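Undergrad: Just so you know, numbering that gives the first Met the number 0 puts 105 at position 106 of the sequence shown, and the rest follows in order with no gaps.
Here a beta-carbon is modelled for each residue, glycine too, at the ideal position from N, C-alpha and C.
No experiment lies behind these values; they were computed from the predicted model shown.
Attaching a single structure in structure tokens format; questions to follow.
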Amino acid sequence: MGASSWWLDVLPLSLLAGVIGLDVVSFPQAMISRPIVAATLGGALVGAPLAGLVCGAALECVALEALPVGASRYPEWGSASVVAGAVAATGATAGAMPLAGAFTVAVALGIATAWIGGLTMITHRQIIASFARPRLDQLAAGNRQTVVGLQVFGMTLDLVRAALLGALCFVPGYLLAERVNGRWSVPEDLSRAIVVTCVAAVAAASVWKDFHTIRGTRRLFLISLAVGTLMVVLGA
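Shown next, in the form of structure tokens:
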């Protein structure tokens, strides 16, 4: 992402954030809104998919803490991860790891944007409810036009919500990451290690909760850990 042309990425990034934000609840719920996928797409859109992937992996550890179920309150990781992946790509090339400054800013921004996104989803539900309330009789009667109209209205509003969130959070995030990259003095490896340790601690706490509530989790975790370790060793 060039320093002089970054603003050209705002529109496509906001559109991508809108589409990914739709996947969280509205449509199609195909898991493309998971941080590791959405952040990779965000990084790829600005020319640095590996930087987005690394950022997405870090955010995925944090996202494990919350299980999005129904109308409960939870962070909106879809559009937030698109923004974070693009910000992590600041100053990075296509096959390179993210710079330490941009990576740190991107992870923090992703968490903050997900929290804000969760609040916007509550407002989104309230608007839909106010739109549906005067039409309860038609909905109860199964009026096709009313049902389809409500669904289209809700999805369109969700798309606009996520797109605006993406644009409004990407611009300050990119400018901050660019500034931080120029002033960052902590060694790259140490910086990444600190961030990874923090998010890994959150992921470990989340998995520990599952050990006590979901049958067979420990066995699956140990098998996955063994397979992942073997793949890393063979790949090295």
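1) By alpha-carbon positions, which one of 181, 201, 114 ends up nearest to residue 164?
2) Please report how far the alpha carbon of residue 128 lies from the alpha carbon of residue 160, in whole angstroms.
3) Does the beta-carbon distance from residue 83 to residue 109 come in below 7 Å?
4) Would you verify that the beta carbon of residue 230 is, or is not, closer than 7 Å to some beta carbon of chain C?
5) Could you tell me how far apart the beta carbons of residue 77 and residue 19 are, in whole angstroms, since I believe they sit closer than 8 Å?
6) Quick one: grab the DSSP three-state call for residue 73.
7) Considering residue 129, what are the terminal residues of the alpha helix (DSSP H) in which it resides?
8) Pairs of beta-carbons, one from the stretch 185-197 and one from the stretch 90-104, closer than 8 Å: are there three or more?
9) Which same chain residues end up closer than 6 Å to residue 13 when comparing Cβ atoms and leaving out the 5 residues on each side of it in sequence?
10) In whole angstroms, give me the CA-to-CA distance for residue 153 and residue 25.
11) In terms of alpha-carbon separation, which member of 65, 91, 23 lies closest to residue 176?
12) Between residue 50 and residue 95, how many whole angstroms is the CB-CB distance? I'm expecting something under 8 Å.
13) DSSP state of residue 183, grouped into three classes?
14) If you follow the alpha helix (DSSP H) that residue 29 is in, where does it begin and where does it stop?
15) When we look at the beta-carbon of residue 72 and count the other beta-carbons within 10 Å, is it buried (16 or more) or exposed?
16) Which one of 8, 74, 59, 130 has the shortest CA to CA distance from residue 195?
17) Can you tell me the Cα-Cα spacing of residue 203 and residue 17, whole angstroms?
18) Secondary structure at residue 213, three-state DSSP: helix, strand or coil?
19) Of the residues 137, 53, 149, 40, which one's Cα is nearest the Cα of residue 106?
20) Return yes when the Cβ of residue 139 is within less than 7 Å of the Cβ of residue 80, no when it is not.
21) Can you tell which of 173, 118, 116 has its C-alpha closest to the C-alpha of residue 89?
22) Out of 199, 123, 48, point me to the one whose CA is closest to residue 21's CA.
TA: With the structure as the only source:
1) 114
2) Roughly 16 Å between the two C-alpha positions.
3) yes
4) This model lacks chain C altogether, as it is built from one protein chain only.
5) 4 Å
6) Three-state DSSP puts residue 73 in coil, outside helix and strand.
7) 99-131
8) yes
9) 162, 165, 166
10) If I take the Cα positions, the gap works out to 8 Å.
11) 91
12) About 7 Å separates the CB atoms of residue 50 and residue 95; that is less than 8 Å, so the two are in contact.
13) coil
14) Here residue 29 belongs to no alpha helix (DSSP H), and DSSP marks it neither H nor E.
15) exposed
16) 59
17) 31 Å
18) coil
19) Comparing Cα positions, the closest option is 53.
20) no
21) 173
22) Here the closest residue by C-alpha is 123.
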